[in-house]
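Numbering (our numbering), first residue to last: 17 to 252.
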């Protein structure tokens with residue numbers, strides 16, 4: 017049985033990996049990919065350690081050597097991988113965007129693109145309560161990140177007159193992130209085209225002369241009750 021790869025301080029970060037290290041990384045990747053496939057086929061309840069190891073062509077002993085926490089650790093690592101991918105992509109796109117709508121779209125597009133990848137999208141958008149204990153430590157990171165950035169953009173839009181001064185940044189941000197999460201679920205479930213959903217942000221439609229018109233209509237103003245939208249933040 018191979019021992020999982022261990023990083024040491026003696027090896028520079030940019031040093032070439034040895035064949036042994038590459039093999040260890042490959043085994044780790046194969047176990048993660050197998051967990052994703054088994055989850056898609058059987059759901060969390062059917063994704064046992066034995067089923068995942070068999071799918072990867074490995075033994076249960078090998079699986080536990082790489083992931084001592086077993087199935088839960090595998091799924092946490094998978095979920096966190098998608099989190100990191102989203103955060104990196106969204107941050108880069110937002111940095112290159114200008115204007116409120118473009119900056120919101122820069123956060124929305126990478127999320128919907130993830131939803132459009134069959135295995136990853138179904139896993140990342142899954143709301144099965146049985147998987148929640150395993151994913152709780154890594155869930156909500158992307159949503160909180162998006163809420164914070166959109167709230168910053170709303171604050172800037174208010175200051176520049178693009179949005180009415182009474183709009184609450186954190187309320188609008190939470191509502192938008194909730195809508196994005198719902199769109200992610202839709203894309204992952206039925207293959208809805210992401211460009212069609214993004215068009216609803218980029219082109220609000222008749223009567224929306226400016227971004228704030230679509231995004232702030234009917235929203236709570238300052239002093240209104242503000243707790244309900246928070247439920248959206250615990251999603252992705």
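Note that the Cβ used here is the ideal one computed from N, Cα and C, for glycine as well.
Taking Cβ positions, are residue 63 and residue 87 nearer each other than 8 Å? Taking 8 Å as the cut-off, the Cβ atoms of residue 63 and residue 87 count as close.
Since residue 119 and residue 113 are thought to touch, with beta carbons under 8 Å apart, how far apart are those beta carbons, to the nearest angstrom? 5 Å
Give the C-beta separation of residue 99 and residue 163 to the nearest angstrom, bearing in mind that I take them to be a contact with Cβ-Cβ under 8 Å. 15 Å between Cβ atoms; not a contact.
State whether the segment 126–138 contacts the segment 202–216, with contact taken as three or more CB pairs (one from each stretch) at a distance under 8 Å. Remark: three or more beta-carbon pairs, one from each stretch, lie closer than 8 Å, so the segment 126–138 and the segment 202–216 are flagged as touching.
Kindly list the residues whose CB is nearer than 8 Å to the CB of residue 214, restricted to its own chain and excluding five residues on each side of it in sequence; keep chain order. 121, 124, 125, 128
Ranges of the alpha helix (DSSP H) found wholly within the segment 37–111, counting only runs of at least 4: Listed in chain order, the complete alpha helix (DSSP H) runs (minimum 4 residues) inside the segment 37–111 are 65–72, 76–82, 86–111.
I'd like to know whether the C-beta atoms of residue 139 and residue 56 end up nearer to each other than 8 Å. Going by C-beta atoms, residue 139 is nearer than 8 Å to residue 56.
Can you give the Cα-Cα distance for residue 40 and residue 177, rounded to whole angstroms? 55 Å
Between which residues of its own chain and residue 106 is the CB-CB distance below 7 Å, once the five residues before and five after are set aside? Hits under 7 Å: 122, 123, 126.
Can you check DSSP and say which residues form a bridge with residue 187? Note: residue 187 sits in no beta bridge, so no partner.
Check whether the Cβ of residue 86 lies closer than 7 Å to any heavy atom of the ligand NAP, and answer yes or no. Summarising the ligand content, the structure contains no ligands, and the ligand NAP is consequently not present.
Cβ atoms of residue 200 and residue 166: under 8 Å apart, would you say? no
Whole angstroms are fine: how far does the CA of residue 66 sit from the CA of residue 189? 42 Å
Mind checking which residues open and close the alpha helix (DSSP H) that includes residue 128? 116–131
Distance, residue 73 Cα to residue 151 Cα: 25 Å
Would you tell me roughly how many angstroms separate the C-alpha atoms of residue 89 and residue 35, rounded to the nearest one? 26 Å
Within 8 Å, strictly: CB atoms of residue 116 and residue 186: no
Give the range of the alpha helix (DSSP H) segment to which residue 155 is assigned. Per DSSP, residue 155 belongs to no alpha helix (DSSP H) and is neither H nor E.
Buried or exposed for residue 43, please, with buried defined as at least 16 other CB atoms from any protein chain shown within 10 angstroms of its CB. buried
Note down, in chain order, each residue of its chain lying with its Cβ closer than 6 Å to the Cβ of residue 171, except the 5 sequence neighbours on either side. 185
Report the three-state DSSP secondary structure of residue 177 (helix, strand or coil). coil
Between the C-alpha atoms of residue 156 and residue 101, what's the straight-line distance to the nearest angstrom? 14 Å
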